[in-house]
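Comments concern the structure below.
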Amino acid sequence: MKPIQFTITKKIPNALGRAGVLETPHGTVQTPAFVSVGTKATVKGMTPEMLKDMGGQITLCNTYHLYLQPGDELIARAGGLHTFMGWNGPMMTDSGGFQVFSLGAAYGKGISKVLHPAEPSQQIPERSSADDGVPRLATVGNDGVSFRSHIDGSLHYITPEKSMEIQHNLGADLIFAFDECTSPTEERRYQEEALMRTHAWAKRSLEYHHARPNAERQALLGIVQGGRDEELRRRSAREISLMRSTGGAEFDGFGIGGSFEKDDLHSAVQWVNEELPEDKPRHLLGIGEPEDLFMGVENGVDLFDCVAPTRNARSTGTLYTKEGRMRIMNTKYREDFTPIESDCGCYTCTHFTRAYLAHLFHAKEMLGSMLASVHNLYFLTHLVDQMREAIIAGTFYELKESFMKSYAK
RNA sequence: GCGUCGGUGGUGGAGUGGUCUAUCACAACAGACUGUAAAUCUGUCGGCUUCGGCCUUCGUAGGUUCGAAUCCUACCCGACGCA
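When the letters of the first sequence are read in order and numbered with our numbering, they come out as residues 469 to 877.
Okay, here's the thing in structure tokens:
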């Protein structure tokens, strides 16, 4: 018995995109879908009730963070992550692979998921070896990764097996293989070396997972890496999709990982999804600006997670609207007594004005961050919902064109 | 009335003869953010500018000095104390 069931209901003609249904032990996800990120067992600023009301179908928490605090064993004793955080819907956990990157090679360099080469601050020198003298909190070894806790500095060692063990304790419906995310500034030689490691770790994750009963209630997704290189990307997609445990088990779905230059994102996703088997779900890790969501859906991505809506909302009240992003603290909104978007159905837009939001942000009231998060999550969640409906209605390209015309103007 | 202390840029508050348009914080203004080291971070914050500078500011008015936010005098204002 497989833990998840994925069914494709409609495809975009002559393209990779599709709409489907993903059934998990904690409920069904209509795909494509936007996944709310709840790294530390909370979508920042949102109660599970608010998430549900906003239209959220599924959340993603993080292995590394929860292992450090409060500890995966404690969460297991609490009855698992669903019970612990009060979210009884579908849930996934990231493997800690991204922290290999963000606390390792990317540490202190101001780079993350998407690199902007035009930004002088991101002209990072290339790195070919593991040691360039920059202090970092994660060091990659062939067997696993040494982490120094960003909380208290203590040293931890995470292997693929350890990541699986933690994720088993957490108990999410979909879990990820332990991988190494690389920077686009790395040269090909290192990308290939890291890819071999990611594949070896994927095999070990698969092996460990299927040696436990958890494999019956938790789906394991393998992660495709390979940077910007077509050959590596296609090779990774093929190897991960053909990978089998000694018992013959395969991955239940796939994640597409990496840190990208904006221009490389499209090609990487397309190459990978041309190789991956059609009948399993695909998750594009950490991507979620509107234009990227359209690209992903068009190219066969079923699930997206992204911190952008909550982080942008919470930090300075940067809000998504159909006319592009707006910063609610800008002077012009101080006496604007209209909603963020008059035709938005979210709780924030149906109850409050821009002026009120602006006031909350200027006064540093936490409700401002909460209401802004509600709107942003609603916006992106419903944008992907609209894409799904448009695929089913056969109007995906019309939706994309009309949205982008207004959003990017 | 006498005495003491004090008046600095939107605010608080450094500075006590040159390195002062004047540390710092806050506020304000603008920006960044894509598997959350993030309720974080960056820039601007007297005026003008051909971006090299130029001009104007430290209660007010004088003065000393090559040079004053910094020293002196008078005045104005505030707090406290004594009458």
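Just so you know, even glycine gets a beta-carbon here, dropped at the ideal spot from N, CA and C.
Three-state class that DSSP yields for T527 in the structure shown: In the three-state DSSP reduction, T527 falls in the strand class (E or B).
Where does A823 sit, in a helix, a strand or coil, going by DSSP? It is helical.
Residues in the same chain with beta-carbon distance under 8 Å from M469, minus the five sequence neighbours each way, listed in chain order, please. E684
In angstroms with no decimal places, state the Cα-to-Cα distance between F829 and L583. Answer to the nearest angstrom: the Cα atoms are 29 Å apart.
So, at 6 Å on beta carbons, what are the nonlocal neighbours of T607 in its own chain, with the 5 sequence-adjacent residues on each side left out? S614
Top-ranked residue by Cα proximity to T714, from H678, A736, L744: H678
Could you tell me the alpha carbon to alpha carbon distance between H624 and S841, rounded to whole angstroms? 33 Å
Counting only the same chain and skipping the five closest in sequence on each side, list residues whose C-beta sits under 7 Å from that of D760. L733
Are the segment 847-867 and the segment 476-486 touching, with three or more C-beta to C-beta distances below 8 Å? yes
Considering only C-alpha positions, which residue in the set L663, Q693, E866, G813 is nearest to F762? E866
Does the contact criterion of 3 or more C-beta pairs under 8 Å hold for the segment 507-522 versus the segment 788-798? no
Please confirm whether Q635 and I643 have their CB atoms less than 9 Å apart. yes
Residue ranges of each beta strand (DSSP E) within the segment 646-725, 3 or longer: 687-692, 721-724
Just to confirm the assignment: which complete beta strand (DSSP E) runs, minimum length 3, are found wholly within the segment 526-571? 527-530, 559-562
Secondary structure at V852, three-state DSSP: helix, strand or coil? helix
S504 beta carbon less than 9 Å from that of L451: Residue coverage of the chain in this structure runs from 469 to 877, which leaves residue 451 outside it and unanswerable.
Helix, strand or coil: how does DSSP classify L753 here? coil
What's the C-alpha gap between I592 and Y575? Bear in mind that a pLDDT of 39 at I592, under 50, signals an unreliable position, so the number given afterwards is only what the model happens to contain. Approximately 12 Å between the Cα atoms of the pair.
Mapping the DSSP letters down to three states, classify I859 as helix, strand or coil. In the structure shown, I859 adopts helical secondary structure according to DSSP, grouped into three states.
Where L623 falls: helix, strand or coil (DSSP): Secondary structure at L623: strand, using DSSP grouped into helix, strand and coil.
Can you grab the Cα-Cα spacing for the pair E869 / T863, in whole Å? Using only the alpha carbons, I get a separation of about 10 Å.
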